[in-house]
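Down below is the structure, laid out as structure tokens.
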Amino acid sequence: MKLIPTILLIAITLSLHAQLTLTKLTCEYMDNPTVVDETTPHLSWINLAKPGERGQKQTAYQIRVASTTKKLKSPDLWNSGKILSDQSNRIPYGGVELRSRMDCFWQVRTWDKAGRVSAWSPVATWRMGLLRESDWIAQWIGAPWQGDEAISKPPGGPDARPQQMPPPAPLLRKQVTIKKKIKKAVVYTTGLGYFEFYTNGQKVSDDLLVPNQTNYDRRPQLPAAFISLPDEFRDYQVMYLAYDLTTLLKNGENVIGAILGNGFYNAPKFWTASYGSPRFLAQLHLTYQDGSEETVISDQSWKAARSAIISDLVYHGEVYDARNEQPDWCKPGFDDSRWEPVALRRKPYGRLVAHTSPTDKITKVYQPLKIVKLDNGHYQVDFAEEISGWVRLKNMTAPAGHEIKIHFNANVYSGDNTYIYNGMPGQSYAPRFNWFVFSGVDIDNWYGELKPENIQAEAINTDVKENAVFETSNPLFNKINQIWRRSQLDNMHGAIASDCPHRERSPYTGDGQVACQTVMHNFDARAFYKKWIRDM
């Protein structure tokens, strides 16, 4: 008889827990965004019913937000209380005023159709960016061997080559001495046209071709690019990212640094109009365990040197001379005595905005389908399908100065890729600041025998996640959808929907609108389209 109250208690407890389970918490459509500058961020989630259950729904929700996970039980930023609503998408934050650089942790719980409350969701997070222009004290810097201006566009129409090719892509470095125990270290940073950020010899993220493309700045070259619009747009923007360096920094000597590429900021060919030479901005905020803070900024104390990327332009391709590599350039102890002080650069007209849109990443890797040897080191390599991306060469060995060229078989508008060996064994290489469109490549002057383990293709595109599966009993329909999905991803770079996967800085909006509904049925592209519409 003593078991009956216990059984009843268990039954009552189970009945009080909802059939709903919460998943996919997002802020501004992003999973745990590292930087947000909306002062009232919008929160969303998805309710899941038990398998096979029908007619279930949310009838109320409660959100709690705190500055630390420990404070969530008694939140110091916002407790919405129980809100009678079935809304679960883009709920505006309604708590205390959010400040720059705040970390925000949040949970939600919901009530189902029977009024039963769910368990609290897993904890999600977002980080606030630098909300006021005065928060930015960093200076824009660049290579001293370059001027502030863009490479000039030549006469002779959109197909003409620029009057001069760019100098080597710059390496930038700054030594940072840390004497206290770090609690948190976050860098807010960007580089135009593209950049990669490094800390103590390690690239800090798998982001590629960042920041996303925007109308960065005013351009004196619009007429030369056959663009008959006055340069008087309503809003100019430069997107910045935030990277958490807490686990990458240590007591003592540290080095932070970056590599800069031209991207579309300096693209003097076809129907583009350049803005200026590459430039970089970084602001590292260090918070110590004792509560004190320190800020390290990009300024004239940084140093610069030429990288092994001796030329990179989005319409010409990339030339990489491995003999110019500087191993460990971003590690403590590296001798930078021959490096030059950086030059200050003009601040772009565009206002700095948080990068709350997906970045480009490697989204799929392809092994060679077939390798055909022709003559004199000439190989043809076939991959499974046409992609937008690049090839990665691996485990290469050849005498110093030996040069190979990679030609992409569908690549009309983005040039070729050249690699020059440094004589060291087991070298690997992939471009950084160019992508190409191809289903196969021709390689000229390969040294020795090209084997499958020496090469792979990597698809690069804006990282919109697949959120649906399309499958029918008709193999043709399945194949058509597979081809469309690949084609759609090929046309997504820099959070812009293009009409030509090889290159298009200002794609026609008609193509993107026609495909939008189908894209949304296949991919979680909400943050992607939000950014693109903001561009317009």
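Reminder that position 340 of the sequence shown reads as 372 in this note's numbering, one-by-one numbering, no gaps. The beta-carbon is built from N, C-alpha and C at its ideal position, and this holds for glycine as well.
Let's see if you can read the secondary structure: which residues bound the beta strand (DSSP E) around Pro202? 202 to 210
Alpha helix (DSSP H) segment containing Asp522, residue limits: 507 to 522
Cβ pair Thr53, Leu75 closer than 9 Å: no
Exposed or buried, which one is His553 when buried takes at least 16 other CB atoms within 10 Å? exposed
Could you pull out every residue in the same chain whose Cβ sits closer than 7 Å to the Cβ of Ala432, ignoring the five residues on either side in sequence? Arg355, Tyr453, Asn454, Gly455
Whole-angstrom Cβ separation of Ala375 and Pro176, contact assumed at under 8 Å? 4 Å
Do Thr246 and Leu313 count as a contact pair if the criterion is CB distance below 9 Å? no
Is it right to say Thr327 is buried, meaning 16 or more other beta carbons lie within 10 angstroms of its own, or is it exposed? exposed
Could you pull out every residue in the same chain whose Cβ sits closer than 8 Å to the Cβ of Ser610, ignoring the five residues on either side in sequence? Beyond the ends of the chain as shown, which are 33 and 568, falls residue 610; an answer cannot be given.
Any heavy atom of the ligand PLP inside 8 Å of the beta-carbon of Ile528? Among the ligands in the structure shown, none appear at all, so the ligand PLP cannot be discussed.
For Ala98, I'd like the list of residues in its chain whose CB is within less than 7 Å of its CB, leaving aside the five on either flank, ordered along the chain. Leu104, Pro107, Asp108, Leu109, Phe137
Check whether Gln90 and Asn111 have beta carbons under 9 Å apart: no
Write down the C-beta distance between Tyr561 and Cys548 rounded to the nearest angstrom, noting that I regard them as a contact closer than 8 Å. 7 Å
Leaving out five residues on either side along the sequence, give the residues of the same chain with a beta carbon under 8 Å from the beta carbon of Pro359. none
Give me, in chain order, the residues of the same chain whose beta-carbon lies closer than 6 Å to that of Tyr451; leave out the 5 immediate sequence neighbours on both sides. Tyr352, Ile436, Tyr461
So Gln315 and Ile210 are supposed to be a Cβ contact under 8 Å. How far apart are they, rounded? So it is not a contact: roughly 16 Å between Cβ atoms.
Classify Val496 as helix, strand or coil using the three-state DSSP reduction. coil
Go through the region 301 to 359 residue by residue and report every complete run of the alpha helix (DSSP H) that reaches 4 residues or more, in order. none
Is the region 518 to 534 close to the region 438 to 447, with three or more CB pairs under 8 Å? yes
For a test of the three-state rule: what should DSSP assign to Asp547, helix, strand or coil? Here residue 547 turns out to be Ala, not Asp, going by the sequence shown. Three-state result, Ala547: helix.
State whether the region 399 to 406 contacts the region 480 to 493, with contact taken as three or more CB pairs (one from each stretch) at a distance under 8 Å. yes
Let me confirm a value: Gln178 is counted as buried when at least 16 other C-beta atoms fall within 10 Å, else exposed. Which label applies? buried
Whole-Å CB distance - Gly409 paired with Asp476, under 8 Å assumed: 7 Å
Cα-Cα, which of Tyr226, Trp467, Ile288, Gln269 is closest to Leu4? Given a span of 33 to 568 for the chain in the structure shown, any question on residue 4 remains unanswerable.
Taking only beta-carbon atoms, is Tyr411 less than 9 Å away from chain D? You won't find chain D in this structure, because it holds only one protein chain.
Take Asn499 as the anchor and find which of Asn506, Phe509, Arg517, Asn510 has the nearest alpha-carbon. Arg517
Spatial distance of Tyr347 from Val270 (CA atoms): 22 Å
Cβ shell of Lys114 (< 7 Å), same chain only, five flanking positions each side left out: Ala92, Gln94
Roughly how many angstroms lie between the CA atoms of Val140 and Ser309, to the nearest whole one? 46 Å
Quick one: Cα of Val385 to Cα of Lys396, how far? 29 Å
Let me make sure I understand the geometry here. Which of Met134, Met524, Phe465 has the alpha-carbon closest to that of Asp344? Phe465
Cβ separation of Glu60 and Thr391, assumed to be a contact under 8 Å, to the nearest whole Å: With 8 Å as the limit, Glu60 and Thr391 do not qualify as a contact, their Cβ atoms being about 14 Å apart.
Quick one, which of Leu203, Gly225, Ile173 has its alpha-carbon nearest Ile183's? Gly225
DSSP bridge partner residues for Asp414 (one or two, in chain order): Lys402, Gly472
How many angstroms separate the CA atom of Ile44 from the CA atom of Arg148? Summary for Ile44: the model assigns pLDDT 48, below 50, so the residue's position carries little reliability; its value from the coordinates is reported in the next sentence. If I take the Cα positions, the gap works out to 11 Å.
Below 8 Å on the Cβ atoms is my guess for Lys379 versus Trp143; work out the distance and round it to an integer in Å. Actually they are not in contact, since the Cβ atoms of Lys379 and Trp143 sit about 50 Å apart, beyond 8 Å.
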